[in-house]
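If you use my numbering, the sequence shown corresponds to residues 1066 to 1244, in order. Each residue gets a CB set at the ideal place from its N, CA and C atoms; glycine is no exception. Note that this is a predicted model, so its numbers are computed, not measured.
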Amino acid sequence: MKECILKPFSDDVVFFDAEFTGHDIVNDQLMSIGMVSLDGNREIYFELQYDENQVSEWVRENVVPHLTEEKISREDACERINMFCGNSEPHLVATVNHYDMAFWHKLFTGKKEPIHSIPIDFASMLFAVGLTPAREVRGKKKNFYAQFGIDLDAYQIHNALDDAKLMRDLYIKLSELSE
């Protein structure tokens, strides 16, 4: 493995992942959100109300089976996120930043967002330290994470909270390699 230098600007970071009915930013909808703090001591997960007719076939097969919680309104989701983030305006880190942030902004339309105005793309961070943003080795994600001592089987992929935890755990491993 290449030498990795990951020296974060701030420790006020929240890892964020979301699942949506598809990738059409205008017509598709958020289905779930997971967030975890850098220290891993705080996390939030919830599922939102969505139109089942909007769900793409891939999402129906890979995401919907993991959605088991009571669905909440978008207004309630914004309130929960505000409470989770507090007043510090943490830096939001997301792996598929362009989709996650588009749906985030859509959720907060007309409202003040409780995060720093510049979200951080985790895939770009990986690229900058010489790692593939696809997070694969020989075509397998499991191999990529194994090189950092992370067992991918310990996470429920396409569950927004577990995806956020996985991102956080890799971020921590990369930070430790830089010390």
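- Measuring C-alpha to C-alpha distances from Arg1139 to each of Tyr1236, Glu1112 and His1163 identifies Glu1112 as the nearest.
- DSSP, read as helix, strand or coil, puts Leu1235 in helix.
- Closest option to Leu1226, judged by alpha-carbon separation, among Asp1093, Val1101 and His1170: Val1101.
- Fewer than three beta-carbon pairs drawn from the segment 1201-1218 and the segment 1114-1125 are found closer than 8 Å, and the two stretches are therefore not classed as touching.
- With a cutoff of 8 Å on beta-carbon distance, Glu1108 and Ser1097 are scored as not near each other.
- Cβ contact annotation for Val1078 (same chain, cutoff 7 Å, sequence separation greater than five): Leu1103, Pro1155, His1156 and Val1158, in chain order.
- Restricting attention to Leu1095, Gly1099 and Gly1105, the CA atom closest to the CA of Glu1117 is found in Leu1095.
- Restricting attention to beta strand (DSSP E) runs no shorter than 3 residues, the segment 1138-1207 encloses them at 1156-1159, ordered along the chain.
- Annotation for Val1124: the continuous alpha helix (DSSP H) segment containing it runs Glu1122 to Asn1127.
- Collapsing the DSSP output to three states places Lys1230 in a helix.
- Counting only residues of its own chain and dropping the five nearest sequence neighbours on each side, Phe1080 has a CB closer than 6 Å to the CB of Val1101, Val1158, Ala1229, Met1232 and Arg1233.
- Where Leu1095 is concerned, the enclosing beta strand (DSSP E) starts and stops at Leu1095 to Ser1102.
- Assignment of beta-bridge partners to Val1079 by DSSP yields Ser1102 and Leu1157.
- Looking at the DSSP output, Phe1111 sits in a beta bridge with Ile1098.
- Asn1147 places its beta carbon 8 Å or farther from that of Asp1186.
- Looking at Pro1130, Tyr1220 and Tyr1115, the one whose alpha-carbon comes closest to that of Phe1168 is Tyr1115.
- Beyond the five residues adjoining it in sequence on each side, Tyr1110 comes within less than 6 Å, by CB distance, of Gly1099 and Leu1226 in the same chain, given in chain order.
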